[in-house]
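In terms of our numbering, the sequence shown opens at residue 34 and continues consecutively.
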Amino acid sequence: MENLRVGLAVASIIAVMAIFAAIVMMSGRLVFVA
């Protein structure tokens with residue numbers, strides 16, 4: 034059970050970081066194009 038909780042926590046953190054990175058990349062592209 035503990036391993037499952039840790040896995041979910043790590044997966045959620047990675048997902049949030051991936052989304053944040055995608056937003057930063059899109060913002061960077063918009064700024065670069067502008």
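Even glycine gets a Cβ: it sits at the ideal position worked out from N, Cα and C.
Secondary structure of Met-59 (DSSP, three-state): helix. Between the alpha carbons of Ala-55 and Ile-47 lies a distance of about 12 Å. Non-local C-beta neighbours of Met-50 in its own chain, meaning closer than 7 Å and more than five positions away in sequence, are absent.
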